[in-house]
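Trainee:
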Ligand SMILES: Cc1ncc(C[n+]2csc(CCOP(=O)(O)OP(=O)(O)O)c2C)c(N)n1
């Protein structure tokens with residue numbers, strides 16, 4: 308789809324605007340303690356809002372991220388609440404956005420920048436990889452880069468080649484970067500807050516397919532809003548979800564599924580569809596990685612299926628598979644399976660053939676239960 | 289298919305001289321010292337566009353300071369500047385030799401460009417963060433950074449302030465306002481803009497100052513830096529050191545035949561100055577002008593410093609393969625050290641004997657630092673503990689790094 312015709316409806320793929328839970332827009336931090344239902348957009352907005360209220364060194368900028376509040380509304384009203392210099396619009400220059408954030412970070416601020424789509428993070432890749440990731444190391448700690456790069460990511464929205472990508476493995480491969488992907492509003496707020504407070508550069512990918520509701524990959528069924536989910540109960544106060552700690556989304560005895568972002572929900576649906584008692588682990592942060600949770604689970608189940616949207620070859624699943632093989636070899640009863648995007652660019656017309664849906668997950672689970680046959 | 293009036297042909301720019309040719313600088317339009325007006329530092333950039341095509345010069349051929357840009361420095365400041373340039377050159381000579389002697393893997397001199405970083409490092413205090421390239425060692429030297437620490441970095445020895453992690457000369461010092469040097473060209477310029485934006489955001493008094501070579505202005509980062517600097521009116525001084533060469537490519541390959549590098553500022557609405565980079569006083573005056581502007585919250589200034597890279601690009605380079613051997617000697621703007629020396633002598637504030645003494649003193653300082661650093665060790669003879677290789681990747685060690693460190697047995 309072209310940028311010009313990219314509307315709210317396109318993005319949400321059938322999610323009606325009223326599913327954006329306007330009634331529960333995050334209250335100002337003065338609202339005091341309490342927990343309200345939020346969608347992921349609101350939870351992220353609340354993370355920025357509460358953190359900006361607490362720390363004058365936190366500021367937010369990006370393309371359309373100031374006055375307008377972002378094309379996905381994540382930075383909505385931050386400018387109004389915190390002022391023009393704390394939440395502002397940036398020129399269309401991903402390299403410039405990240406580079407200036409690095410300079411600000413070196414000065415002592417904690418900038419949070421938005422890259423409108425993860426598919427457009429590449430112009431900033433040199434700044435992220437050669438600079439942000441290495442400042443601390445190459446200066447022996449004299450200069451650091453406590454920046455957060457937020458970016459909507461992932462597919463399942465008919466976004467075609469350049470509004471669907473999942474480039475996490477391009478960042479997990481880089482020493483010095485932390486890579487975080489939330490799968491629900493509660494974690495989204497807590498993890499984003501943790502990223503902002505972290506003294507290292509963090510790449511924070513927001514699965515845009517999950518912005519307005521959990522999505523399990525059954526794309527023909529109506530989508531439910533976040534409201535119905537327990538994980539949409541979000542404290543209005545600031546809190547953090549620690550980096551490097553996975554969440555066991557569902558305990559299970561038969562097989563371990565490692566997933567993150569949208570694929571957490573797809574994995575849950577896939578397990579149900581296969582009738583397999585799968586333990587679904589939401590990794591939440593890919594770096595640092597909760598290796599203990601992974602090891603404990605695979606040693607318990609003896610089987611492991613890895614699910615991600617990104618193409619299979621050299622995807623983060625390859626790293627996970629290697630780690631599980633190295634650490635759980637004598638516990639494995641079947642080859643480790645990977646359910647991933649194909650090794651093609653993300654196609655438009657073939658969205659649901661490309662997207663690793665619950666049926667493909669179920670197949671992999673059944674085959675794994677059969678010893679990989 | 290339509291026919292063209294002329295068959296199309298691809299133009300590939302070529303320098304005025306190649307090895308064996310007589311150097312030819314007749315194409316350069318050089319203003320005489322004192323010939324260029326000095327606009328008010330707070331003036332509207334649109335009113336001074338011609339500054340991007342002129343050349344601000346103060347020292348004339350006889351070493352006299354003339355014209356509106358004369359910063360009227362006291363002799364003591366001039367002597368300090370001269371000594372810092374002499375020391376920079378002595379340091380370069382020794383470290384270049386150290387490389388030839390196998391004491392380190394790599395070195396880069398700034399011969400002929402000393403006036404730039406030295407003058408600017410003297411004007412701006414260490415609180416004003418510098419975002420240098422690998423050719424601004426004069427900044428550290430002018431700000432009094434210990435030579436021995438520079439050498440320790442070059443030798444990657446046990447006392448290397450950055451623990452043997454970086455290629456020689458990629459210094460880093462927060463205390464001396466010297467941002468960590470990156471091997472990736474151009475990246476530091478938009479970072480300097482961000483640093484300056486942060487200072488403005490906090491209502492601070494500090495400025496940022498960055499440098500980029502003529503060659504690296506072709507990087508996208510340069511464009512991004514100018515855009516952000518202009519849009520947010522960042523308090524930053526953006527220097528372009530046009531030393532005519534980017535390794536083997538003459539400045540025409542970076543677009544220098546079509547216009548001046550300073551004039552690139554015009555399209556962004558930024559003020560531009562084009563300055564004789566071998567004229568200590570002109571560099572000083574232009575920097576002060578940009579500083580005054582930034583301190584008055586009028587934002588960024590682009591300064592093209594017109595100079596010549598006298599030395600090989602690096603110890604890995606042989607310029608005789610791509611440019612006339614005597615080009616540097618024929619450079620019409622001369623040598624920055626010789627010119628400032630001549631000026632001080634003309635003022636009656638310096639003599640050949642004092643110059644000789646200063647050179648001896650510089651050599652002695654470098655020798656003493658060399659002795660101290662070499663006692664710790666040159667490359668391969670001494671280094672930080674291998675354990676430190678795994679540190680500072682993150683603020684706290686990741687389990688993978690702990691495991692990998694153990695794998696190495698440390
Ligand atoms: C992004 C990038 N591309 C290429 C190089 C290799 N390289 C190192 S120095 C250099 C030439 C730079 O020339 P210039 O900017 O004119 O600076 P000078 O060396 O003349 O000071 C090149 C191409 C690099 N370091 N970084």
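Chains as they are written, first to last, in my numbering: chain P, 308 to 680; chain V, 289 to 698.
Beta carbons: idealized from backbone N, C-alpha and C, even for Gly.
Just so you know, these numbers come straight off a predicted model, no measurement behind them.
Look at the Cβ atom of residue 580 of chain P, then the Cβ atom of residue 663 of chain P, and state whether they are nearer than 8 Å.
Mentor: Within the first chain, the letter at position 273 stands for residue 580 of chain P. Within the first chain, the letter at position 356 stands for residue 663 of chain P. Contact: no.
Trainee: Give the range of the alpha helix (DSSP H) segment to which residue 230 of chain V is assigned.
Mentor: This structure cannot speak to residue 230 of chain V, because chain V is shown only from 289 to 698.
Trainee: From the beta carbon of residue 598 of chain P, is the nearest beta carbon of chain V less than 8 Å away?
Mentor: Residue mapping note: residue 598 of chain P aligns to position 291 of the first chain, counting from 1. Yes, residue 598 of chain P lies at the interface with chain V (some Cβ there is under 8 Å from its Cβ).
Trainee: Beta carbon of residue 478 of chain V, beta carbon of residue 509 of chain V: below 8 Å?
Mentor: By 1-based counting over the second chain, the position of residue 478 of chain V is 190. By 1-based counting over the second chain, the position of residue 509 of chain V is 221. Yes, the Cβ-Cβ distance between residue 478 of chain V and residue 509 of chain V is below 8 Å.
Trainee: Along chain V, which residues have their Cβ under 8 Å away from the Cβ of residue 428 of chain P?
Mentor: Position 121 of the first chain, counted from the first residue, corresponds to residue 428 of chain P. Residues of chain V passing the Cβ test: none, with the nearest at roughly 15 Å.
Trainee: Nearest to residue 605 of chain P by alpha carbon, out of P:464, P:525, P:594 and P:628?
Mentor: For this step, residue 605 of chain P is matched to residue 298 along the first chain. Cα-wise, what sits closest to residue 605 of chain P is P:628.
Trainee: Mind listing the chain V neighbours of residue 437 of chain P? Cutoff is C-beta to C-beta under 7 Å, in chain order.
Mentor: Taking the first chain and counting its residues from 1, one reaches residue 437 of chain P at position 130. Near residue 437 of chain P (Cβ distances below 7 Å), the residues of chain V are 470, 472 and 475.
Trainee: Quick one: is residue 669 of chain V buried, meaning 16 or more other Cβ sit within 10 Å of its Cβ, or exposed?
Mentor: Reading the second chain from its first residue, position 381 is the one you call residue 669 of chain V. It is exposed - the Cβ of residue 669 of chain V has fewer than 16 other Cβ atoms within 10 Å.
Trainee: Mind listing, in chain order, the continuous alpha helix (DSSP H) runs of no fewer than 4 residues lying wholly within the stretch 400–472 of chain V?
Mentor: 402–411, 425–430 and 435–443, all fully within the stretch 400–472 of chain V.
Trainee: Could you please give the first and the last residue of the uninterrupted beta strand (DSSP E) stretch that includes residue 615 of chain P?
Mentor: Indexing the first chain from 1 puts residue 615 of chain P at position 308. 611–618 is the extent of the beta strand (DSSP E) around residue 615 of chain P.
Trainee: Go through the stretch 595–658 of chain P residue by residue and report every complete run of the beta strand (DSSP E) that reaches 3 residues or more, in order.
Mentor: If we require 3 residues or more, the beta strand (DSSP E) runs fully inside the stretch 595–658 of chain P come out as 611–618 and 644–648.
Trainee: Tell me whether residue 659 of chain V sits in a helix, a strand or coil according to DSSP, three-state version.
Mentor: The residue labelled residue 659 of chain V in the question sits at position 371 within the second chain. Residue 659 of chain V: helix per DSSP, three-state reduction.
Trainee: What does a CB cutoff of less than 6 Å around residue 666 of chain V pick up in its chain, not counting 5 residues either side in sequence?
Mentor: One-based indexing of the second chain puts residue 666 of chain V at position 378. Once the five neighbours on either side are set aside, the close Cβ partners of residue 666 of chain V are 391 and 443.
Trainee: Within 8 Å of any Cβ in chain V, is that where the Cβ of residue 328 of chain P sits?
Mentor: If you number the first chain from 1, residue 328 of chain P lands on position 21. Low per-residue confidence applies at residue 328 of chain P: pLDDT is 39, beneath 50, and the placement is therefore not dependable enough to give any value.
Trainee: Report the option in V:685, V:688 and V:675 whose CA atom is closest to the CA atom of residue 446 of chain V.
Mentor: Working through the second chain from its first residue, we reach residue 446 of chain V at position 158. Minimum Cα distance to residue 446 of chain V is reached at V:675.
Trainee: With a threshold of 8 Å between beta-carbons, can residue 486 of chain V be considered close to chain P, or not?
Mentor: The residue labelled residue 486 of chain V in the question sits at position 198 within the second chain. Output row for residue 486 of chain V: interface = yes.
Trainee: What is the DSSP secondary structure of residue 291 of chain V, counted as helix, strand or coil?
Mentor: Sequence index remark: in the second chain, residue 291 of chain V carries index 3 (1-based). The answer is coil: DSSP assigns residue 291 of chain V none of H, G, I, E or B.
Trainee: Is DSSP giving residue 646 of chain V helix, strand or coil here?
Mentor: Looking up residue 646 of chain V in the second chain gives position 358. Residue state, collapsed to three classes: helix.
Trainee: Starting from residue 383 of chain V and walking both ways along the alpha helix (DSSP H), at which residues does that stretch end?
Mentor: For this step, residue 383 of chain V is matched to residue 95 along the second chain. Note, residue 383 of chain V: alpha helix (DSSP H), 363–388.
Trainee: Taking the continuous beta strand (DSSP E) assigned at residue 358 of chain P, which residues delimit it?
Mentor: Taking the first chain and counting its residues from 1, the one referred to as residue 358 of chain P is at position 51. Element bounds for residue 358 of chain P: not the beta strand (DSSP E) but the alpha helix (DSSP H), 347–361.
Trainee: Can you determine whether any heavy atom of ligand 1 sits closer than 7 Å to the C-beta of residue 472 of chain V, and answer yes or no?
Mentor: Numbered from its first residue, the second chain carries residue 472 of chain V at position 184. Yes, Cβ of residue 472 of chain V sits closer than 7 Å to a heavy atom of ligand 1.
Trainee: Measure from the C-beta of residue 682 of chain V to each C-beta in chain P and report whether the shortest distance is under 8 Å.
Mentor: Within the second chain, numbered from 1, the residue matching residue 682 of chain V stands at position 394. Yes, because at least one Cβ of chain P sits closer than 8 Å to the Cβ of residue 682 of chain V.
Trainee: Taking the beta carbon of residue 387 of chain P as the centre, do at least 16 other beta carbons fall within 10 Å, making it buried, or is it exposed?
Mentor: The count along the first chain starts at 1 and reaches residue 387 of chain P at position 80. Counting Cβ neighbours within 10 Å, residue 387 of chain P comes out exposed, since fewer than 16 surround it.
Trainee: Across the stretch 628–643 of chain V and the stretch 331–340 of chain V, are there enough close Cβ pairs to call them in contact, namely three or more that are closer than 8 Å?
Mentor: Because the criterion of three Cβ pairs below 8 Å is not met, the stretch 628–643 of chain V and the stretch 331–340 of chain V do not touch.
Trainee: Which residue from V:618, V:622 and V:569 puts its Cα closest to that of residue 365 of chain V?
Mentor: Taking the second chain and counting its residues from 1, one reaches residue 365 of chain V at position 77. Selected option, being the one with the closest Cα: V:569.
Trainee: Listed from N- to C-terminal order along the chain, which residues in the stretch 442–455 of chain P have their beta-carbon within a distance smaller than 7 Å of any beta-carbon of chain V?
Mentor: Result list: 442, 443, 444, 445, 446, 447, 448, 449 and 450.
Trainee: Are the Cβ atoms of residue 506 of chain P and residue 486 of chain V separated by less than 8 Å?
Mentor: As a working note, residue 506 of chain P is residue 199 in the first chain. As a working note, residue 486 of chain V is residue 198 in the second chain. The answer is no: Cβ separation not under 8 Å.
Trainee: Is residue 597 of chain V near residue 401 of chain V, with beta carbons less than 8 Å apart?
Mentor: For this step, residue 597 of chain V is matched to residue 309 along the second chain. For this step, residue 401 of chain V is matched to residue 113 along the second chain. Their beta carbons are under 8 Å apart, which means residue 597 of chain V touches residue 401 of chain V by this criterion.
Trainee: Can you give me, in chain order, the residues of the stretch 454–465 of chain V that have a beta carbon less than 9 Å from any beta carbon in chain P?
Mentor: Residues 454, 458, 460, 461, 462 and 463.
Trainee: Got a sec: which bits of the stretch 395–409 of chain P sit with their beta carbon under 7 Å from any beta carbon on chain V, in order along the chain?
Mentor: Flagged, chain order: 398, 400, 402, 403, 406, 407, 408 and 409.
Trainee: Closer than 7 Å by beta-carbon distance: list the chain P residues that pair up with residue 450 of chain V, in chain order.
Mentor: Numbered from 1 along the second chain, position 162 holds the residue referred to as residue 450 of chain V. Within 7 Å Cβ-Cβ: 445, 446 and 447.
Trainee: Per DSSP, which residues does residue 591 of chain V bridge with? Please list them.
Mentor: As a working mapping, residue 591 of chain V is identified with position 303 in the second chain. DSSP output for residue 591 of chain V lists V:527 and V:561 as bridge partner(s).
Trainee: Just the Cα atoms here: how many angstroms apart are residue 623 of chain V and residue 369 of chain V?
Mentor: On the second chain, position 335 is the one that residue 623 of chain V refers to. On the second chain, position 81 is the one that residue 369 of chain V refers to. Each residue's Cα considered, the two are about 14 Å apart.
Trainee: Output needed for residue 483 of chain V: all residues of its chain with C-beta closer than 6 Å, excluding positions within five of it in sequence on either side, in chain order.
Mentor: On the second chain, position 195 is the one that residue 483 of chain V refers to. Once the five neighbours on either side are set aside, the close Cβ partners of residue 483 of chain V are 417 and 496.
Trainee: Please compile the residues from chain V whose C-beta is within a distance smaller than 9 Å of the C-beta of residue 506 of chain P.
Mentor: Along the first chain, one-based indexing puts residue 506 of chain P at 199. Ordered by position in chain V, the residues that pass the 9 Å Cβ test against residue 506 of chain P are 682, 683 and 684.
Trainee: Taking the DSSP output, what are the residues bridged to residue 417 of chain P?
Mentor: Counting from 1 along the first chain, the entry for residue 417 of chain P is found at position 110. Looking at the DSSP assignment, residue 417 of chain P forms a beta bridge with P:365.
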